[in-house]
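Remarks on the structure that follows.
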Ligand code: PMV
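Numbering (this note's numbering), first residue to last: 5 to 329.
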């Protein structure tokens, strides 16, 4: 049986940074994200009684032993749930480089989970798929449902899952991703978030998050872009303040990151509603309304960058009939 899935990366507006339970990747807090059109992973999984081991490959990308082992672990988990004693061949292609802070582990584990479940003939609800994707990479659970997605932190494997709040067609916004560095980041999110509780700001962050999430959800309901943007930008700075003050301190930014952040502020002084958010990396996602795309794109092209990627809201992870092999 051969199955192929596509899943989009997501950009978090309320961030996940820190796990209260490591084994099942149960986060401290709920998070909210949007799937983005330009950053996605395609994965083909073939399960066959003729294979004598799992074979994992990436098209156009180097992969470390630990990455391969993480993929093998996920395949193993799905195989044991399906109760099928067969090995699999897995081939993966990313639309943009891995490890640049554009959440390729999210799209990667979402696509892998969907393709492998189908190839092992495991029938799962969307909620179940989000839970299994979470075991591969926390934020991957948010790349399974459509559009604007809430990950309920929960307290156990059973109640930590993601669901769509609004489909990708809900709101005409765009995310201009300013790639200032396209090399692999040095500290992975898994290692980075281990130190989260050492930040003196972390408890304060946890206390303030429920209200911030509630306000962001309300601004989404109201389609109030100004409030939405202010909350998502201050949330990003809040998470980075925690990262900076952890032990050891994490500084993912580069000079060009700061230049992009300043450019976004300059746009706002000119009356353009553009807001910045950054995940665990140096690259800046500039969120604006679709009507301002050209003006924001022009402004961002004046700061130092390797690539500018324009993203629109994207749909759920899905099976497709074009296989990679
Ligand atoms: O799921 P991970 O290990 O890729 O962690 C994602 C962490 C952030 O991107 C920094 C925040 C988030 O919620 O996506």
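Cβ atoms here follow ideal geometry from the backbone N, Cα and C, with glycine treated the same way. Source: prediction; values computed, not measured.
Here the C-alpha atom of residue 289 lies approximately 42 Å from the C-alpha atom of residue 88. Per DSSP, residue 195 is one residue of the alpha helix (DSSP H) stretching across 193-196.
Residue 82 and residue 124 do touch by the CB rule: their CB atoms are close to 6 Å apart, below 8 Å.
Going by beta carbons, residue 229 and residue 277 fall inside the 8 Å limit.
Residue environment: residue 134 is assigned as buried (16 or more neighbouring CB atoms within 10 Å of its CB, all protein chains considered). In the DSSP assignment, residue 31 forms a beta bridge with 23. At a Cβ-Cβ threshold of 8 Å, residue 239 and residue 18 count as neighbours.
For residue 153, the enclosing beta strand (DSSP E) starts and ends at 152-156. Fewer than three beta-carbon pairs drawn from the stretch 20-29 and the stretch 59-75 are found closer than 8 Å, and the two stretches are therefore not classed as touching. In this structure, residue 20 has its CB closer than 7 Å to one or more heavy atoms of the ligand PMV.
The ligand PMV never approaches residue 179 closely enough for any of its heavy atoms to be under 7 Å from the residue's Cβ. Taking a C-beta distance under 8 Å as the contact criterion, residue 256 and residue 310 do not qualify as a contact pair. Scanning the stretch 241-270 for uninterrupted alpha helix (DSSP H) segments of 4 residues or longer gives nothing; none is fully contained. Residue 314 and residue 56 have their C-alpha atoms spaced approximately 42 Å apart.
For the ligand PMV, no non-hydrogen atom lies closer than 7 Å to the CB of residue 134. In this structure, the straight-line span from the alpha carbon of residue 327 to that of residue 84 is close to 24 Å.
Looking at the DSSP output, residue 184 shares a beta bridge with no other residue. Residue 181 sits away from residue 73, with the two beta carbons spaced by 8 Å or more. Looking only at 122, 61, 54 and 254, the smallest Cα-Cα distance to residue 86 is reached by 122.
For residue 194, the shortest separation between its Cβ and any heavy atom of the ligand PMV lies below 7 Å. If you look at residue 112, you'll find it in the alpha helix (DSSP H) that goes 108-123. Spatial neighbours of residue 154 in its own chain (CB-CB distance under 7 Å, excluding positions within 5 residues in sequence) are listed in chain order as 34, 36, 166, 167 and 169. When the Cα atoms are used, residue 231 and residue 80 turn out to be separated by approximately 44 Å. Looking at the DSSP output, residue 93 shares a beta bridge with 50 and 59.
Per DSSP, the unbroken alpha helix (DSSP H) holding residue 138 starts and ends at 130-140.
Collapsing the DSSP output to three states places residue 312 in a strand.
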